[in-house]
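Trainee: If you scroll down you'll find the structure; I have some questions about it.
Chains as they are written, first to last, in UniProt numbering: chain A, 1 to 678; chain B, 1 to 678; chain C, 1 to 678.
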C-alpha cells in the first residue's frame, strides 16, 4: 500500500488550483468525486504563490484547498513547492542561476532555473519546506510528501563557480588526496596533472575531448548534488512527520540521475511516463520503464505519478493516444507493480507553456470529450482492483543496469559512438542500437517477466542474467556475476563488456579481462562497423542472420562457438559462444545480430534455465501475472488496433467487467482484462 | 505618385558612390541617363564616411554627389545613414552592441550592430539625422527620405540589460500594474509570479520553454522598439521637410516586424524582394509579397526598393534569374501596384560582403553583359507606362494576416510545430505546411486578385475572406469576422483558429469558442499527425483527397458536412463543413488536404461569391488588371520558359511595343505585355 | 637523411612513459628492440610532469628515460613539451585561455587550451624550452627536436582581447596606416571605416557576414601568430643546439595554417596522417598528403610522424585498417618521399581520452595481436630499405595550392558555397566538390607523379600545371603562371579563377581579368547550379558528360572551343577551351564535369606535354619510382582486397623479400613490393 491514508489503488493527478479562481475549485472537487479520484498532488509549482516576495508568505489559499479536499474525502500528495523558485530569488542571488558547459546562464521564464549547488537556493528551499512541514504536517488530508519535481529534468548539471567548489569537495571525499585523483583520472595523459585542488574544474567547454574520468566523476557528482537537495528536504519532512511516506517523481530511464541510489532513500518510488503514441513500440518501451520502477523499489508497489490522458505538448508533433490506449497503458502499469495511477494534470491550463498538454479535465466541456469518459471509466475500473493491493509478480530474468556504466559507455572517444545503453523516452532521436532494448523487446514479446538489477545486487533469485554492454564494471560486480554463474545461473553478456574499471581505466590482461575465464575466450580487438555496413553471422545449423554496428575478434579458450561471421577480414571467426563455468553457463555475443537471432537465442536460454516462455498469446497481446498470498491475477492487454480472442488455460473472472470466461477471452481494440484465476 | 519630384514611374537603385573614386561618379551618371534612371537611393551605409570620428563630420563628398545627380536630372531618395553605426560607436559605448538570447554579443564587422534600445545609438543617430535634414532639406535633388534600412533584418531583438529596462517600461504601459501582467502572462503556472517590475526579463535562454505570453509580448515589444527608432527619425525629418515623403524599406513577409503598424506611419510603402530563381514557384511567392505591399499601403502605389538584376550572394547557391525574368518580375510588381522599380545596387562592389551580389552595372564591361541590356530595356519600358500612374486594381478576396497571430502560432509548445503561418523569403528552409501560401497559390493560379487584410480591418468590400490558422484572435477581430459573414460575406476558416485571445490564453467554451456559432460546429480535440502520416478526406461525391499534418475532431452543430475523414480512429468524422450564418456562409476546413481539394473549394467559393476566376490564361501565365479613371491596363506575364499565345477578349495595344493585337497575344519565354484595353 | 644521428629509415612512435610505472619502461625498450624501433618522440605532453607547480621542476624521470633509450641504442625526437600547459597556468593567468568567435572560453580538461597570443603562455613556454635545451642539448640520445605538437589542431584562432591587440599590431605591420587598411578592407561598404586602430577587432560573432578581408587577414594573422610561437621555440633550440634538426608535425591538408610559410622554417617536414579506412579512396587522399609533404620540403625526405596501427578513437565510428593496410600505407609514404615511419603512440594508454586509439603495443598481450606482428614485420621491412636513403622522385605535373586562395575561396558570400578547395582529412563531412581532389584523383589513377606548388614558385621543371579554382591570385602569381605558359608549358585552369586580388577585391576588366589574354576568352558571368541540378557538356566528337555545381558564361576571344553546354539558357555556349599562348597552351574548364571527362582531358594534356601515363598497372595498383644516383626503386602497392599479378618491364628484385621477379610480380591483398630495377 502506497500510503496508509489511502487504502486503495490510488487515482488522481497534479492539481494546480492556483491557476483558477476559487469558484472553479468547487467544480473541480465535484468532478473528482465523479471520477473516483482519491489523491491529488498539490503545490508543485506554488512557491511564488506561497512566498510572493522574499520572506512574505501566503498560505491561506492552500489552507482552503486542503480543507476543501479533506471535506470531500480526497487526500493530498503535498509537494514541497521547491521545484521552481520565484523570480525574486535570482534577483537577490544572480549566482543561483545555472550555467551550461559553454558558460550560458539559464534565466527565469520557464522552470527549474537553479544551480543544484547554490547555497541561496538551498537556504530558501529549506526554509519553505520547514514551513510546509510545520503548517501541514498534521493536516488530515496529508497522505504523502512530494519532494520537488522531476529532479534534473532540465538542469541536471551546472558548470558555475559554486558548482566547481562543490565538485572539488565531492572529489576530496572520494579521493582523499590529489595523487589518488591524478592516478584515477589518468592525468599523466595530455599534461593534465593537478598540483592544487583549486585547479580542478567541471568539464566546461574545452578545445577537444575532456578527460573521461573527469566527465564521469562530474556525472556522478551532479547526480549526488541533486540527491543532496532531496536529502535535505527529506530530513526536514521526516523530522516533522515521521510517518508520512516521501517520494519524488522519477522519469523512467533518465540518464543524468542514478535512480538506484535515489530509490534506496525513498519510501515510495514514483514515475512520470510519457511514451510517444506515434511510436508503434511505445507500449514495449513503457513496459520496460514500469519494470524498472518496480525493480528500483525492490518489488514494492510504486505510483505512476504522471502520464497524459491524450497528448503532451513538448514534442514537435504530439500524437494522441487512441481510444482505450490511456486505460490500457494504465492497467499495464498496475500489471507491472503500480498501485497508483495519476496524471499531469487535473485541469488543463488555459495559459502557460503546457496549455496544450491534455489533462483529466479538458478545455472543452468534460462530458463532450472522449477523454473525460475514459478518465471516469478508468477511475471506476481501479475501484475494482483493491483486492490486488500487495500482489507481486516474479521475474526470473534480470537485465543488469548501472548508471556508472551507462555514463561511461556513452562518453566520447569510443571505438564506436553507435553503442548506446538506452534511448530515453525524453530523447528526440532514437539511435539504431539501444543495448537494453535489444534484449528487453524479445523478452517482452515472449511475455517473460523481467527485472532490472544492479550488477552488484543479489542475483540468486534469477535463472538468467543479461549484461548488455557492461563496459565499466567494478571488481565487486565482476565477482558477483561470476558467482552467479558459478552457482548455476545462465549469463548472456555481449560485446564491449568488462572493458574498464570504476575509473574508466582499461582493464589489462586481454579483453574482457575480468570475464575471460568465465566466458572461456579472449577478444583480440574490436571492429566498429561503418554506417550502412553489414555482415552476417552464421549459426551451427547454417542459418545466417544480418549483423551490424560492431564485431569482436574472438579467440575461444574453451568456449564452444555457436555462430561465426560470414565475411570481412574476420570471416569464419567466432561471433557467439557458450561456456560452462562452475554449475552455470556463460553466453557471449560478439556481434549485434538482427532481432530474429536474439529472439531465438533468448528463447533457448530461457528454456535451458527453466523459465516459462508464453508463446500462446496472440501477437501484440501482453500477459502479466501478479499474486497475493491467496489469489492470482492475470492481466491480459491487447495492444492491437483490432479486437482479439485470447485462449485461457482455465475459467477466470474479469474483475473489471465481472464476466466469467471459460476458454477464451475476447478483447476489444486496445482492450484489457484483469482475470482472477482459478 | 510616389514623390511629386518624380512624376514618372520611378527607376533606379541604391547608389553607393563612396565605394568608388570620383572619376567613376561621372561614368555612373552617364550610364544612369543611358538607362533612364530617375531616382537613386544615396547614403544608406554612409555614417562612417559622414562622421568618421565622433563629432567630426565630412559632408563634402555627399554635397558633390547630390549636385552631380541634380545636374543630370536624377533625383535622390536620401538615406538617413543610420543603418549601420561606425566602429567608434561601440568603442565609446560597448553597451550599444546587441546581445542574443544566450548572451552572445554581436560585434561590428558586418552591419546593424546596435541594440534597438540603446540610448547612445539613439542619441548619435538623432544627431546625424538632424544634420542630414538641415543640410539637404532644401537640396533640389531631394525627392524622398529613406529612413535607416531593412529594420530588424539581422538584429530584430536584443536581450541586453538596457533592452530589459525598455521592455519593462513597455509592459508598464501595456498592463499598468503587476497584477494585470501576472494574470495576462499566466504566471500562476510554473511559479512565475512577479512581485516587482525589476524581476521581469526578456525571454533569455532558460532551462525549457519560456512563458508564451512573455515571448509574445517580447516580440510585440521588439517590433515596437524598432518602430520607436523609425518614429524618432521621422519626427526629425518631418519637422525639417514637411513635404518630402518618407519611407523605410520592408522585406516582404518578414516575421519580426508588424508591418501593419509601420505602414500606417509611412508616406510610401517600399519593399526589398529577393525571390529565389531556383524555386519554380518563386513568381507566385513574389506575387504574394507584391499584394502584401499594396495592401499595407491601402492600395496606394508602392516602390520595389530593392531587387537584384541577376543573382544575390547570401544563399548557399545563388541561382541567376534567366534572361527576361528580371524584367518580368519587375512588371509583375507594377501590375500589382508598384510605381517604382529599383535595385540593390547601382554599381556592383569590388570589395566587401556583397561583391558577388549582381547590380545594374556589373563587374564586367556593361555593354558586354546581358544584364546591362536588360536594365536598359526595362528602363525604356517603364518610360512608356506613365499613363498608368494612379491606376488601381480591385480584389474581392482577402486573406487575413495579423502579426500577433503569426507570432503566437509559431511559438513553441503547440500540438504540432508543423503549422506555420509563412515561410518567409529570408528563411532558408521551407516547411511542409505554410498557411498563407496554401490558400494564396490556388487563387494566384486562377488569376483571382487577392488583398491581405488585418482581421480587425473593414472587410465590407470583399466577397470572400480567408482566415488561415487564425489561432490568436482578439474579441474585436472575432466580431468583425462574424459581422462580415452576417452581412452576406463568405468566409473560409481552417483548423486551429479562434483558439486563443490576445494574451495567448485559450478561449474556453469549446473550440473554436468565438466561432462555434458562426461555423455551426464544435471541435472536440486536435489530432496532430506524425511525419509521413497521411489520411484522406472524402467529399460528398465520393472523391478522395490525401491530407496530412492535422485533423480536427469536429461535431457539427448545424453545419453541413462537405467531406469526411477516411480512416484512423476518427474515420467518418466530419472534416469540412459549410454553415449559413446571417446572410452569409462560413466554411471550415478541419484538415490539411492536398492542393487539388483546396483549389476546387476555392473556385467553388469564388463562384458562389460572384468573384471572377480567369480560367482562360494558359498555365504559367499571370493576368492582372489595373484601372485609372479612364483607362484599363492588362498585364499579361509569361512565367514559362517557352513562348505562349494568349487569347484576348478584344483588340488591345501593347504599351511596351506599341503593337496592336486583335485576338491573341504572342509572348516570348519570360515575356510580358501591358495592354491598353478597349 | 632526416637526422645524422639515425642513418637509417626511421622507425618508431610517440613514447609517453609518464603514463606507466618504471617497471613497464624496461619491457618497452625490450619490445622496441624486437620491433627494430630506432627513434621515439618523447615528452610531447609532459609539461605538467616536468613542472608540476609553477617554477617547480622535476626532470629526473626524463633523465632516466633518455638514458635508458640511449643504453639500448634508441634515439630520441625530444619534444619541447609546450603543447598543453598544466592546469596551474590558467589559474595564474585566466586570460591565457582561448576564446571562440562567440565569446565562449575554452577551459583546461583536454589539451591545447592556450591563446596563441597569450604573453603568459609565451613566457612560461620559453622558460621550459630553455630548460629542455639546456639540460638535454648534449644528451647522446638527442637526435631531433619536436616543437610543440600539431599547432592549431584544436585552437587555430583566438578572439580574445589580447588576440585583438596582437591582430592590430600585425595589421599595422602589414598596412602601415589606417587609410591603407580601410582601402584594403573595402570599409566604405556597410559603413565600416576605421578612424582609430583601437576600433579594429577579430571577426567575432556579428549580425551577418563579416567583412571578407577582415576575415581573410584574421586567418593570415592566426597562422602567423602560431608561427611566432614556433619561431620563438626554434630560436631557443637553435641557439643551444645548432646542429640538431628541428621539426613540428603537420596535419596534411590543414586549412588554418599556411604550411608553405612554415615548411621554409623547418629542418625536416613531418606529418600526422589518419586516413579513414572506411573510405574506399582513403589511399588516394593519403597519397595526396604524402605528395604535399614532399613538396613542402622541396623534395627533401620527410617523416610520417604519426599514424595509427589499426584504429583512431575520434571519429563517430572508427573503422580498422585491414590486415596489411598499415604496412601498405607506410610503404606508400616511403614511395612518396618519407624516410621515417612513426606512430601515435608506442604503448596504448589505459586511461584518458585516447585509450581506444590503437598503438604499436596494444592493450592485449602483444604476441596475441595481429597488429604487433604487423608492427614487427614493417620494422623488419624498413631495415632493408637503407639503400634508398636520399632517393628522389620526379614529378612533371604540379597542382597549384596557396593557403591565401584556400581561405578566400571558402569565405562566405560567394556565388556558390559548394566550391571548396579541399575536404581535409580532419573534416567530418566531404562536400561534393573538392577542387584539388577532382584533379589529383585521375592523375593518381594514371600513376602520374604530382607535386604541389605555390603559384609564385618556380614552375619551370613542370610540363603541366593545374590551377584548381585559383580565385585569389596575386600579381606575381598571375605573371608567374603566364610566364610558365609563355615558355612552353601547358596550363589547366578552371572556373572561378583569377577573380580577386590579395585583398579579395574583384579584379575588374572582365573575368578572369589577369588571365583573359592567356586563356583567350572572357567570362561574362557565373551560373551557380542548385543542389541536384545537372547539365551536360558535349565535346567536339559529340560525346556528352554530365556536369553540375557551376557554369561559366564564356565568350572566346581567340580560344578554341573544346566542349559546349547542352542545355539551359546558355545551351551551346562554350564550356571548355584551349588557347595557344607564347610557346605553350592554356586550357580552361568553365564547368565541373564528371570524373570521366576530367580523366580523358588530363590524359590528353599529359600526352601533349610528353608526360608518361602508366596505364599498364591493374586498377587499384599504385606504382611509384624513386632514384638515387645509381639505383632505381620501383614501389608497387596493391590497394585491392584481392591478390593481383603486375606485369614488369624487366627483371627486378624485391628488396623486402629478396625474391627476383622476371616478367611479373604477384602481390597478396594489400601487398607491396619495393623493386630494385635493372
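Every residue gets a Cβ at the ideal spot worked out from N, C-alpha and C, and that includes glycine.
Return helix, strand or coil for residue 428(C), following the three-state DSSP convention.
Mentor: Looking up residue 428(C) in the third chain gives position 428. Because the pLDDT of residue 428(C) is 43, which lies under 50, any placement of that residue in the model is unreliable, and the question is left without a value.
Trainee: If the criterion is Cβ atoms closer than 7 Å, does the pair residue 539(C) and residue 563(C) meet it?
Mentor: Taking the third chain and counting its residues from 1, the one referred to as residue 539(C) is at position 539. Taking the third chain and counting its residues from 1, the one referred to as residue 563(C) is at position 563. Taking 7 Å as the Cβ cut-off, residue 539(C) and residue 563(C) qualify as a contacting pair.
Trainee: Can you tell which of 295(A), 155(A), 75(A), 151(A) has its C-alpha closest to the C-alpha of residue 108(A)?
Mentor: What you label residue 108(A) is simply residue 108 of the first chain in a count that begins at 1. Here the closest residue by C-alpha is 155(A).
Trainee: Name the chain C residues that come within less than 8 Å of residue 529(A), Cβ to Cβ?
Mentor: Here residue 529(A) is taken as the residue at index 529 of the first chain, counted from 1. Chain C residues near residue 529(A): 317, 319.
Trainee: Quick one: list the residues of chain B neighbouring residue 213(C), beta-carbon separation under 9 Å, in chain order.
Mentor: Here the question's residue 213(C) lines up with position 213 in the third chain. What residue 213(C) touches in chain B: 351, 352.
Trainee: Measure how close the beta-carbons of residue 576(A) and residue 591(A) come, nearest whole angstrom, since I'm counting them as under 8 Å.
Mentor: Sequence index remark: in the first chain, residue 576(A) carries index 576 (1-based). Sequence index remark: in the first chain, residue 591(A) carries index 591 (1-based). Their Cβ separation, rounded to whole angstroms, is 7 Å, which keeps residue 576(A) and residue 591(A) in contact under 8 Å.
Trainee: Against residue 52(C), what residues of chain A qualify as contacts under a CB-to-CB distance less than 7 Å, listed in chain order?
Mentor: The sequence position of residue 52(C) within the third chain is 52, counting from 1. Those within 7 Å of residue 52(C) in chain A are 193, 195.
Trainee: Please classify residue 13(A) as buried or exposed, where buried requires at least 16 other C-beta atoms within 10 Å of its C-beta.
Mentor: For the purposes of this step, residue 13(A) is taken as the residue at position 13 of the first chain. The residue in question, residue 13(A), is buried, as its Cβ has 16 or more Cβ neighbours within 10 Å.
Trainee: Below 8 Å on the Cβ atoms is my guess for residue 36(B) versus residue 383(B); work out the distance and round it to an integer in Å.
Mentor: As a working note, residue 36(B) is residue 36 in the second chain. As a working note, residue 383(B) is residue 383 in the second chain. About 6 Å separates the two Cβ atoms, so the contact holds.
Trainee: In angstroms with no decimal places, state the Cα-to-Cα distance between residue 533(B) and residue 642(A).
Mentor: If you number the second chain from 1, residue 533(B) lands on position 533. If you number the first chain from 1, residue 642(A) lands on position 642. In a straight line, the C-alpha of residue 533(B) is about 19 Å away from that of residue 642(A).
Trainee: So, with DSSP's three-state summary, where would you put residue 292(C)?
Mentor: On the third chain, position 292 is the one that residue 292(C) refers to. Correct three-state label for residue 292(C): helix.
Trainee: Ignore the nearest five residues each way along the sequence and tell me which others in residue 209(A)'s own chain have a CB closer than 8 Å to its CB.
Mentor: Along the first chain, one-based indexing puts residue 209(A) at 209. These residues qualify, in order along the chain: 412, 413.
Trainee: Where in the region 321–373 of chain C do unbroken runs of the beta strand (DSSP E), each at least 3 residues long, occur, reported from the N-terminal end onward?
Mentor: If we require 3 residues or more, the beta strand (DSSP E) runs fully inside the region 321–373 of chain C come out as 338–343.
Trainee: Between residue 41(A) and chain C, is the shortest Cβ-Cβ distance under 7 Å, so that the two count as touching?
Mentor: Within the first chain, the letter at position 41 stands for residue 41(A). Not an interface residue.
Trainee: Under the three-state reduction of DSSP, which class applies to residue 541(C): helix, strand or coil?
Mentor: On the third chain, position 541 is the one that residue 541(C) refers to. Residue 541(C): coil per DSSP, three-state reduction.
Trainee: Spatial neighbours of residue 659(C) within its chain, please: C-beta separation below 8 Å, excluding the five flanking residues on both sides.
Mentor: Along the third chain, one-based indexing puts residue 659(C) at 659. These residues qualify, in order along the chain: 653.
Trainee: According to the Cβ coordinates, are residue 205(C) and residue 86(B) closer than 7 Å?
Mentor: In the third chain, the residue the question calls residue 205(C) occupies position 205. In the second chain, the residue the question calls residue 86(B) occupies position 86. Contact: no.
Trainee: Beta-carbon within less than 8 Å of residue 99(A)'s beta-carbon, same chain only, minus the 5 sequence neighbours each way: which residues are those?
Mentor: Counted from its first residue, the first chain places residue 99(A) at position 99. Closer than 8 Å at the Cβ level, and outside the excluded window around residue 99(A), lie 105, 106, 115, 158, 159, 160, 163.
Trainee: For chain A, check one thing: does any of its Cβ atoms lie closer than 7 Å to the Cβ of residue 313(C)?
Mentor: Within the third chain, numbered from 1, the residue matching residue 313(C) stands at position 313. So yes, residue 313(C) belongs to the interface.
Trainee: Below 7 Å between beta carbons: does that hold for residue 286(A) and residue 314(A)?
Mentor: Within the first chain, numbered from 1, the residue matching residue 286(A) stands at position 286. Within the first chain, numbered from 1, the residue matching residue 314(A) stands at position 314. For residue 286(A) and residue 314(A), no; Cβs fall outside 7 Å.
Trainee: Return no unless some Cβ of chain C is closer than 7 Å to the Cβ of residue 102(A).
Mentor: If you number the first chain from 1, residue 102(A) lands on position 102. Judged by the 7 Å Cβ criterion, residue 102(A) is in contact with chain C.
Trainee: So, does the CB of residue 226(C) fall closer than 7 Å to a CB anywhere in chain A?
Mentor: For the purposes of this step, residue 226(C) is taken as residue 226 along the third chain, with counting starting at 1. Residue 226(C) does not count as touching chain A.
Trainee: Would you say residue 88(A) reaches chain B, if we count a Cβ-Cβ gap shorter than 7 Å as a contact?
Mentor: Numbered from 1 along the first chain, position 88 holds the residue referred to as residue 88(A). Answer yes: the Cβ-Cβ gap between residue 88(A) and chain B drops below 7 Å somewhere.
Trainee: In the DSSP output, what is residue 452(A) paired with across the bridge?
Mentor: Stepping through the first chain from its first residue, residue 452(A) is reached at position 452. Partner(s): 399(A).
Trainee: Which complete alpha helix (DSSP H) runs does the region 86–154 of chain C hold, if anything under 4 residues is left out?
Mentor: Here the runs fully enclosed are 87–92, 119–136.
Trainee: Can we say the region 632–647 of chain A touches the region 659–676 of chain A, given the rule of at least three CB pairs closer than 8 Å?
Mentor: Yes: at least three Cβ pairs fall under 8 Å.
Trainee: Using a beta-carbon distance below 7 Å, is residue 18(B) in contact with chain C?
Mentor: Stepping through the second chain from its first residue, residue 18(B) is reached at position 18. Cβ-Cβ to chain C under 7 Å: yes for residue 18(B).
Trainee: From residue 145(B) to residue 77(B), what does the alpha carbon distance come to, in whole angstroms?
Mentor: Taking the second chain and counting its residues from 1, one reaches residue 145(B) at position 145. Taking the second chain and counting its residues from 1, one reaches residue 77(B) at position 77. When rounded, the distance between both Cα atoms is 5 Å.
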